[in-house]
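Protein chains in written order, with this note's numbering: chain Z, 3 to 281; chain R, 346 to 652; chain L, 5 to 299.
For every residue, glycine included, the Cβ atom is placed at its ideal position computed from N, Cα and C.
On a predicted model such as this, the values are computed, not experimentally measured, just so you know.
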């Protein structure tokens, strides 16, 4: 399958392209993350209710649903970013390569390096483009300039940003456009060689052209990474994802192949949401 | 990063000696240590000054009742007496009088900045207030000494060293404290209060008097109390203009003394460990206790603010 | 009708109050500067003071003030920034944190004369050091630390949460995030606060009377051995600062030119505080601009 051509088609077409995975139904991919009866609370308020999802390796899983449905909370629990919120706590498990990553004895630092995250609002450090990527590498002991140079270039290439800004590596990252900043944030996450990429509405703050570039990039990254993306934009979910989970009031209403969810959902609520009757 | 593939997920992700971060631990210990130093400093200030301040009563058997209620301070007499009331009175007098002058000015300035001329008023008055805070207290004392004292001498009775001079110097010193906090308090009022009242046809002054001032009252009182705390603890500026006599003043133009001024003057002149010296430490203890009391009042006021 | 008149009168009163406040500042500054600046000369700044003759300068006092300020900040800034980090990043809401907050509040509200008394008790008598620069600096540390903690905590808290999340999500430890992301972003705020605090320390006298003392030994400015008795760098020598000098000259000076010396010293002190103030504003915004350049 010629992936490049395929991606171009996906980004140019604005209409949901529903038959882009002709073999989707037959493919049985490996599972990389498995949530078992996962509930997440903020104080007394239950934000995610008994979620059971198998997230597949080298696939794009989209989490959709109206605001406040728990999809971002779910995403942030996968690399324990919810730990930053003092009132949050959880029940259930998230199994990752045979380990429950919600367990108390998990080294969250090592976990977050393997399960990287990109946020809704581009948040580059107020440093140069180069140092935005080198920042974490230096922390992990890579200090040789040659090696740093190589990883910076490689990550920027992977994030499809190298050609645009290779002459501006030492400019402030804040001088880049919003779309470039977001791809830089993706690049610096890729530099850590994660296995899983969590994307929290990565293009919702961007203009349509930047959005298209980010989507194109995500499709390319699927080959090497397992990706979970939260999105408000149903077209985006249908364009890029392999599997889709529909969240409502903290519960997973329906989870399955994207094509099925968007053409022939089992649940009435899913259909109502997809067809824009609420949300 | 390189050996990722070689290790199992459990080895990589479960906390162990191999993947623990010493930097994190060291950093946490370092900042916790700093927090402990602050606790230690506070506790040792309290303990040292309390122990030392009680010595005059416990070791030298000065009567605490006499100390607090007698107006006779005569430590050098054959039958020495240690009545600190004139100084306690002096401290309270200058504190309340200066608050009486500074509170209307400070709150008025705050209203000017928030209600009358919010744009340019703030631009002019804010830096003025900040500069007033910055002037060292000895400079206030020196100016009081060279302008205020001669002025009072020429236009009143006596030497000019007086409660009045001390009060004026202190009110200028605490004015910025009161103005700053009062401005924050007025600025924090929701603008719906203002608009609601004005929409009902009230004038600006009616709005300020009947709506804004009552709403901001606890915070404004906090401002005044913090100003008073500063006035109560101020030493050198007052000492330079108040005259430092040990009798109770009969009028505003009479010289007087406060707890801080007596400590300032006599701490260096008395023998460490003597009875007179120990009574100075007792006065220091009173200062410490009163500054606790001011904190408690501020706490009480801020708890009322939330309701 | 009546209420309109009342409104106008009230407005007039508020304008008058604002005018009075501005007038007070203007009067104070013009008094200090007009009377004091003519006294300031190179000679005044570089001649040692004399306790009996006219024509003494403020060389040693000026040096002492700067040196004590320097040592105080050397102790306070690291302590205060670490304390601020603890309060902003590590303190969990609860009894311990409330207690530490009360401690900071208490230290902040201590009258400076009480701080001086504590210094006398601990750093002068208990240690047996006598009046020393280090004793003065430690007393000023107690006086200054709550300010530095508050400034650092506020500056760290005002760094956008996204910065911290970005770093943590890359698998970087909390401490390394603090060191390399939060502190650099909070730096302009901490710097501004530290300079303003310096102005306060520079003008403080009451806490130093009984800790650094009212005298300065004969100093040899060519002697840079910090352990030598006559070295200005010796931290175990008494040191009268400029602010203390103004007080001492006015209270028990016997030289014939008290007024001139006090005028000149006050002007130097006020100018120094003014410079600290302007420097804080200018440096803070300049550093901030440089760090966020391109936005």
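Taking all protein chains shown into account, residue 269 of chain Z has fewer than 16 neighbouring C-beta atoms within 10 Å of its C-beta and is therefore exposed. Inter-residue distance for residue 483 of chain R and residue 271 of chain L is about 12 Å (C-alpha atoms, whole angstroms). Taking 9 Å as the cut-off, the Cβ atoms of residue 159 of chain L and residue 79 of chain L do not count as close. For residue 576 of chain R, the enclosing alpha helix (DSSP H) starts and ends at 558–578. Within chain Z, 111 have C-beta atoms less than 7 Å from the C-beta of residue 366 of chain R, given in sequence order. Residue-level contact by beta carbon fails for residue 435 of chain R and chain L, as no gap is shorter than 9 Å. Between residue 263 of chain L and chain R, the shortest Cβ-Cβ separation is below 9 Å.
For the stretch 166–180 of chain L, the set of residues with a beta-carbon nearer than 9 Å to any beta-carbon of chain Z comprises 166, 167, 168, 169, 170, 171, 172, 173, 174, 175, 176, 177, 178 and 180, in chain order. Proximity to residue 629 of chain R across R:398, R:573, R:493 and R:430 peaks at R:398, based on C-alpha coordinates. Per DSSP, reduced to three states, the secondary structure at residue 194 of chain Z is coil, with no helix or strand assignment. DSSP places residue 257 of chain Z inside the beta strand (DSSP E), whose first and last residues are 253–259. Distances from the alpha-carbon of residue 51 of chain L to those of L:223, L:294 and L:193 put L:223 closest.
It is roughly 19 Å from the alpha-carbon of residue 632 of chain R to the alpha-carbon of residue 408 of chain R. DSSP places residue 522 of chain R in the uninterrupted alpha helix (DSSP H) bounded by 508–532. A direct Cα-Cα distance of roughly 10 Å separates residue 532 of chain R from residue 463 of chain R. Among the CB atoms of chain R, none fall inside 9 Å of the CB of residue 227 of chain Z.
If you check each beta-carbon in the stretch 71–82 of chain Z against every beta-carbon of chain R, none falls closer than 7 Å.
Taken atom to atom, the span from the alpha-carbon of residue 172 of chain L to that of residue 286 of chain L is near 33 Å. Within the stretch 163–193 of chain Z, no complete beta strand (DSSP E) segment of 3 residues or longer occurs. Remark: C-beta atoms of residue 477 of chain R and residue 521 of chain R approach each other more closely than 9 Å. Fewer than three pairs of CB atoms, one per stretch, sit closer than 8 Å, so the stretch 527–542 of chain R makes no contact with the stretch 41–59 of chain L. Residue 126 of chain Z has a beta carbon lying within less than 9 Å of a beta carbon in chain L. The straight-line gap separating the alpha-carbon atoms of residue 258 of chain Z and residue 183 of chain Z is approximately 32 Å. Along the stretch 251–276 of chain Z, none of the residues has a CB nearer than 9 Å to a CB of chain R. Secondary-structure assignment with DSSP links residue 248 of chain Z through a beta bridge to Z:66 and Z:256.
Contact between residue 195 of chain L and residue 84 of chain L is absent: CB atoms are separated by about 12 Å, not below the 8 Å threshold. The stretch 252–268 of chain L makes contact with the stretch 55–74 of chain L: 3 or more CB pairs, one atom from each, lie closer than 8 Å.
At a cut-off of 9 Å between C-beta atoms, residue 359 of chain R counts as an interface residue with respect to chain Z.
In the DSSP annotation of this structure, residue 406 of chain R is not part of any beta strand (DSSP E), being labelled neither H nor E. In this structure, DSSP gives residue 95 of chain Z an extended state, which the three-state scheme calls strand. Contact between the stretch 223–243 of chain L and the stretch 21–35 of chain L is absent, with fewer than three C-beta pairs closer than 8 Å. Cα atoms of residue 184 of chain L and residue 176 of chain L: separation of roughly 10 Å, rounded to the nearest angstrom. Contact note: residue 99 of chain Z reaches chain R through 354, using a C-beta cutoff of 7 Å and chain order. If you draw a straight line from the Cα of residue 592 of chain R to the Cα of residue 431 of chain R, it comes to about 6 Å. Leaving aside the five residues that flank residue 504 of chain R on each side, the residues in its chain whose CB is nearer than 8 Å to its CB run, in chain order, 494, 498, 588 and 600.
Think of a sphere of 9 Å around the beta carbon of residue 636 of chain R: the chain L residues whose beta carbon falls inside it are 110, 113, 114, 115 and 118, in chain order.
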